[in-house]
Amino acid sequence: MTTGEAAGVGLLLVVDAANVVGSVPDGWWRDRAGATARLRDALVPVATEGLPGLPPPVEVVLVVEGAARAVSGVAGVRVVAAGGAGDEAVVELVRSAALGRRVAVVTADRVLQVRVRAAGAELVSPRAVPRRSG
């Protein structure tokens, strides 16, 4: 158990929305904000249920960029709108996490994977996160 988990903070799960939404060719390009909102809604149960190998509680942070910046947070999922590239916001969230806190990042972007691992995060495949709410 890490210091962050001992304090009851739990895991910080940072989700690269553009990468996860783009990982499934389901027409997301016609409505990027709508696809991102659906992903956000599907992530809500993760806060209380966790993911395989990532037990709750989980603080879920969805990093959005571009046309998806209009998507707002909901109970269980905090949304961070990147001012520029989403990758920079993801790396900054990992770096600014409390010392000793377990952090995982959901992305298939290989360059981003290298950067967040160097900053101390674990990696989670986009396939591990729910894609449909309910």
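Numbering (this note's numbering), first residue to last: 51 to 184.
C-beta atoms are modelled at their ideal positions from N, C-alpha and C, and glycine is treated no differently.
{"Asked": "Using beta-carbon positions only, say whether V111 and L62 come within less than 8 Å of one another.", "Found": "yes"}
{"Asked": "Counting along the chain, where does the alpha helix (DSSP H) carrying A83 start and finish?", "Found": "R82 to L93"}
{"Asked": "Whole alpha helix (DSSP H) runs in the segment 94 to 145 with 4 or more residues, listed along the chain?", "Found": "96 to 99"}
{"Asked": "May I ask you to list the residues that DSSP assigns as paired with V156?", "Found": "V65 and V174"}
{"Asked": "Is it true that the CB of V74 sits closer than 8 Å to the CB of R182?", "Found": "no"}
{"Asked": "Have a look at R128 and D76 and give me their C-alpha separation to the nearest angstrom.", "Found": "24 Å"}
{"Asked": "At a cut of 8 Å, does the segment 168 to 178 reach the segment 84 to 93 through at least three beta carbon pairs?", "Found": "no"}
{"Asked": "According to DSSP, is R181 helix, strand or coil?", "Found": "coil"}
{"Asked": "Looking at the structure shown, is G77 part of a helix, part of a strand, or coil, going by DSSP?", "Found": "coil"}
{"Asked": "What do you get for A148, buried or exposed, if any count of 16 or more other CB atoms within 10 angstroms of its CB means buried?", "Found": "exposed"}
{"Asked": "Any idea what DSSP makes of R167, helix, strand or coil?", "Found": "helix"}
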